[in-house]
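Residue numbers (our numbering), protein chains in the order written: chain A, 299 to 569; chain B, 146 to 409. Below is one structure; the comments refer to it alone.
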């Protein structure tokens, strides 16, 4: 199909680093019925932007992330990455999941270097980088440990290092802190912002925690379920660098209230 | 833990079981001696040892014959089961073509096809290896196929995001992921290979522990029969623990659930 814009479909040209137009995803359930997981989604992600997707479960935020990752194909609409149609996974797009999904037989270092091996690059060239990341997330001394010797939080740190080591332009993170306890979680958020500032990356981050979404993001994309769609995008007016103390500022509280009203209002507003 | 402490712990752990077993053997001996049980019906343990010892010159030959049949069959099953599992996992067509005849083969008692194999391959070590392999092969195929498909779906998504080739994903993810599954089937397979080897020796052989059992039964040498049985089970145990040892060597990250506690 030619990429020429047809009436009714906005042209993807000139859009952000990641761009979606009229995106919809239908799943067939086992009973044979179609479920509309995502409908009419338009979204642009600018280079170096930190975007969070927030919404209740079933709002299609993970589906949207999988579409961005090229892991699944949309039922309708177009997706582009750097101006080109995104039809398959790209080496420039890294992923972090809710679970660490490490290779149980590999050491911390081996797991972090796993992408380098899979990409067919020279492992030796990335050893230094891997060690720097290990130190950055506070795992120094655990290089030779196997995943089953680590706590859940430590394993998740390894999976974040694994996504960073080959320096993809874009990081797609699907509730990466969901399995962590509240305190570790806040600490991780600040750590992630630190990494993001130092290495200039584009991050799309899925979460169901509204404060987390506000604290991390340049822009919060609020989604509602059945069918999953975007109800509003909110630019976060908080200065950088962010700190946990900002959670007590009026601006922060206002953002949280707005988003909460959108999500719950949206839920109540449905017939 | 020091060596001495470890030995002491092992002693505590196994002393009870060893004592009970020893007690049973003594009881068996005493019943045979005092109740006058005919020796062709139930020989005493000491009698079994004595009768078996008389054959010490030829025993190694019998043991080795069976051992080679077991090992040959086992490795034959391994060398055919794993590639077939790979084929079945990666090709739906091959799965549909291979499974029905393999299932048929599995459903036929191996004793029934052993004579046929002897006609085709001849009386020799190779035919006994093949019979042992046909018995040991199936669990390896099924478990390895299951293991190759068991790799974490999100992990496979991740490898797709690296745009990695299928061969690389196979070597670096799917195959190591399947190793614990493979080894759990190998532990079954090695004991089945012993059964297969003995079946083959029953049908046609001029040496081996199975052959020894068959001939001593024919001559009413019950004590010798018992001796061969004991040697056979020792051989099976030895092979089994060899597999366990290799498993620990190759999959140190994985411990069967029962051993988890002791390892920690």
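C-beta atoms are modelled at their ideal positions from N, C-alpha and C, and glycine is treated no differently. Everything numeric in this text was worked out from a predicted model, so none of it was measured.
Within 8 Å of any Cβ in chain B, is that where the Cβ of residue i sits?
{"i": "residue 494 of chain A", "result": "no"}
{"i": "residue 247 of chain A", "result": "As displayed, chain A neither begins before 299 nor continues past 569, which places residue 247 of chain A out of reach and without an answer."}
{"i": "residue 410 of chain A", "result": "no"}
{"i": "residue 391 of chain A", "result": "yes"}
{"i": "residue 399 of chain A", "result": "yes"}
{"i": "residue 446 of chain A", "result": "yes"}
{"i": "residue 362 of chain A", "result": "no"}
{"i": "residue 315 of chain A", "result": "no"}
{"i": "residue 372 of chain A", "result": "no"}
{"i": "residue 369 of chain A", "result": "yes"}
{"i": "residue 310 of chain A", "result": "Per-residue confidence for residue 310 of chain A stands at a pLDDT of 43, beneath the threshold of 50, marking its modelled position as unreliable; the derived number appears in the next sentence. By this cut-off, residue 310 of chain A is not an interface position."}
{"i": "residue 384 of chain A", "result": "no"}
Out of the options, point me to the one whose CA is closest to residue i's CA.
{"i": "residue 404 of chain A", "options": "A:460, A:324, A:347 and A:494", "result": "A:460"}
{"i": "residue 473 of chain A", "options": "A:442, A:353 and A:443", "result": "A:353"}
{"i": "residue 346 of chain B", "options": "B:245, B:189, B:197 and B:259", "result": "B:259"}
{"i": "residue 280 of chain B", "options": "B:216, B:174, B:265 and B:310", "result": "B:216"}
{"i": "residue 320 of chain A", "options": "A:448, A:378, A:540 and A:440", "result": "A:378"}
{"i": "residue 310 of chain B", "options": "A:418, A:531, A:458 and A:524", "result": "A:418"}
{"i": "residue 339 of chain A", "options": "A:356, A:317, A:424 and A:329", "result": "A:317"}
{"i": "residue 464 of chain A", "options": "A:437, A:423 and A:488", "result": "A:423"}
{"i": "residue 395 of chain B", "options": "B:350, B:321, B:335 and B:337", "result": "B:321"}
{"i": "residue 374 of chain A", "options": "A:315, A:481, A:324 and A:453", "result": "A:324"}
{"i": "residue 396 of chain A", "options": "A:408, A:402 and A:455", "result": "A:455"}
{"i": "residue 444 of chain A", "options": "A:406, A:389 and A:436", "result": "A:406"}
{"i": "residue 382 of chain A", "options": "A:468, A:547, A:315 and A:496", "result": "A:315"}
{"i": "residue 502 of chain A", "options": "A:469, A:544 and A:409", "result": "A:469"}
{"i": "residue 557 of chain A", "options": "A:450, A:332 and A:509", "result": "A:509"}
{"i": "residue 390 of chain A", "options": "A:401, A:345 and A:358", "result": "A:345"}
{"i": "residue 333 of chain B", "options": "B:158, B:153, B:372 and B:386", "result": "B:386"}
By Cβ distance below 7 Å, which residues in the same chain neighbour residue i in space, the five residues on each side in sequence not counted?
{"i": "residue 561 of chain A", "result": "353, 354, 520 and 522"}
{"i": "residue 352 of chain B", "result": "206, 207 and 210"}
{"i": "residue 229 of chain B", "result": "243 and 286"}
{"i": "residue 212 of chain B", "result": "380"}
{"i": "residue 360 of chain A", "result": "472 and 504"}
{"i": "residue 651 of chain A", "result": "A question about residue 651 of chain A goes unanswered here, because the residues of chain A that appear run from 299 up to 569."}
{"i": "residue 273 of chain B", "result": "214, 342, 345, 346 and 350"}
Excluding the 5 residues preceding and the 5 following residue i in the sequence, name in chain order all residues of the same chain whose CB lies nearer than 6 Å to its CB.
{"i": "residue 462 of chain A", "result": "431"}
{"i": "residue 544 of chain A", "result": "536 and 550"}
Interface residues of chain E around residue i at Cβ under 9 Å?
{"i": "residue 478 of chain A", "result": "No chain E appears in this structure, whose protein chains are A and B."}
Identify, in the order they occur along the chain, each residue of the same chain with its Cβ nearer than 8 Å to the Cβ of residue i, setting aside the five sequence neighbours on each side.
{"i": "residue 186 of chain B", "result": "367"}
{"i": "residue 314 of chain B", "result": "301 and 304"}
Can you check whether the C-beta of residue i is within less than 8 Å of a C-beta belonging to chain A?
{"i": "residue 297 of chain B", "result": "yes"}
{"i": "residue 398 of chain B", "result": "yes"}
{"i": "residue 263 of chain B", "result": "no"}
{"i": "residue 313 of chain B", "result": "yes"}
Does the ligand FMN have a heavy atom nearer than 7 Å to the CB of residue i?
{"i": "residue 257 of chain B", "result": "Judged by which ligands are present, the structure shown has none, so any question about the ligand FMN falls away."}
| task | Mind the definition here: the stretch 364-374 of chain A touches the stretch 419-437 of chain A only if three or more C-beta pairs lie below 8 Å; say whether that holds. | result | no
| task | For the stretch 403-440 of chain A, list the beta strand (DSSP E) runs that are entirely contained and at least 3 residues long, ordered along the chain. | result | none
| Can you list the beta strand (DSSP E) stretches of 3 or more residues lying completely in the stretch 196-244 of chain B, in chain order? | Qualifying beta strand (DSSP E) stretches: none in this window.
| Considering only residues of the stretch 474-526 of chain A, which uninterrupted beta strand (DSSP E) runs meet the minimum length of 3 residues and lie entirely inside it, listed in chain order? | For the stretch 474-526 of chain A, whole beta strand (DSSP E) runs of length 3 or above, ordered along the chain, are 500-505 and 517-522.
| said: When you compare the stretch 324-340 of chain A with the stretch 520-539 of chain A, are there three or more beta-carbon pairs, one atom per stretch, that lie closer than 8 Å? | reply: yes
| Should the stretch 250-258 of chain B be called in touch with the stretch 303-319 of chain B, which here means at least 3 C-beta pairs below 8 Å? | no
| request: Mind the definition here: the stretch 356-364 of chain B touches the stretch 286-297 of chain B only if three or more C-beta pairs lie below 8 Å; say whether that holds. | output: no
| field | In chain order, each alpha helix (DSSP H) run of at least 4 residues that lies wholly inside the stretch 290-361 of chain B | value | 298-306, 311-314 and 320-348
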